[in-house]
Amino acid sequence: MRFPIIVSCLLVSQVSLAEETTLNSNIEQGLSRLQSLWAEASDGKNWQAATGLGIAYAPEVMGGDVYEASPMGSLDLAHRSGFFISTSKGVGWSYTVNPNWQAAIFLAPSEERKEKDQLTDHITFKGMGEIKAAAQAGLALNYIWGDLELSTTIFTGLANRNRGQQIKLGADYTAYGSEHFALILNGGLTASNADYQQRWYGVSAQQAKQSGFKAYQAGSGLTLGSVGVTAIVPFSKELRLINSVSYNQLLGDAADSPLVKSKGSAAVSAFLQYTW
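Sequence positions in the sequence shown follow mature numbering (1 follows the signal peptide of the UniProt record, and there is no 0) and run -18 to -1, 1 to 258.
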């Protein structure tokens, strides 16, 4: 059985929705291309660990036009049996059906948003109330077909404050791969149900009164589309540099929300990862 691989990043500071989306959908993409490197680095051990540091430049919140540079850090542990614990993916178990199919289930924290987060230089979410992190369950399924990897991840909130479901579809194509360099093209599409959409992009009558934003009812549908490029530079079996650039576009009711000032945004990141 192939050793389960967890490639993840977590901001040392509070994770914003925009940064969380960008990091999870781009730095983690190309997972299958790193598996051979990780397998070599494990040397047949039952446990494998990874840690990393980096920096990302992205909007403070998705839909905002205030960009910020934030430090990143990660720590991940994986066991040959499939069990893993990760700073961003939480706790879970993965199973490799065959070299082409991999599935995983996990429990992880959901995103959060604070009233002080900036939508523009002069507008915050004051009066909207804070969206606090809570436990969510996830199911992931990956399929590898040559240089193409297709992924589906389903999230569901487990607490009253994060009720809702999301499904994320991803496609990663390795345009070039060698022992010294890999270039991966990334694409993704996210859809959400009405509970999730309303929590993040809707404005209730009470919130409108308190915040000054126009009341808005957000329904279920497409939320986000993204395209990007990830470049991986291995320095050794254990050490690699992961660079990523992406463009993210809000869609549907999310894009039309009064809480959105910029429907499209870019993000870049550089991350140094060490495995042992």
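Idealized CB from N, CA, C, for every residue including glycine.
So does the region 197 to 217 actually touch the region 152 to 166, counting three or more Cβ pairs closer than 8 Å? yes
Which residues in the same chain as Gln100 place their Cβ atom closer than 8 Å to its Cβ, once the five residues preceding and following it in sequence are excluded? Glu42, Val43, Gly46, Val48, Thr106
Let's see if you can read the secondary structure: which residues bound the beta strand (DSSP E) around residue 269? Not covered by the structure: residue 269. The range shown for the chain is -18 to 258.
So Arg181 is in the alpha helix (DSSP H); what residue range does that whole segment cover? 176 to 183
DSSP state of residue 275 mapped onto helix, strand, coil: Beyond the ends of the chain as shown, which are -18 and 258, falls residue 275; an answer cannot be given.
Just grab the DSSP bridge partners of Gln100 for me. Thr106
CB of Ala31 to nearest heavy atom of the ligand COA: below 7 Å? Judged by which ligands are present, the structure shown has none, so any question about the ligand COA falls away.
Gly45: first and last residue of the uninterrupted beta strand (DSSP E) it sits in: No beta strand (DSSP E) contains Gly45, which DSSP labels as neither H nor E.
Would you identify the three-state DSSP class for Asp154, choosing helix, strand or coil? strand
Could you tell me which residues DSSP puts in a beta bridge with Ala173? Ile149, Leu204
Going along the chain, which residues of its own chain have a beta-carbon closer than 6 Å to the beta-carbon of Ser14, five neighbours each way excluded? Reliability fails at Ser14, whose pLDDT of 42 lies under 50, so the model's placement of it is uncertain and the value that follows must be treated cautiously. The residues are Ile126, Glu131.
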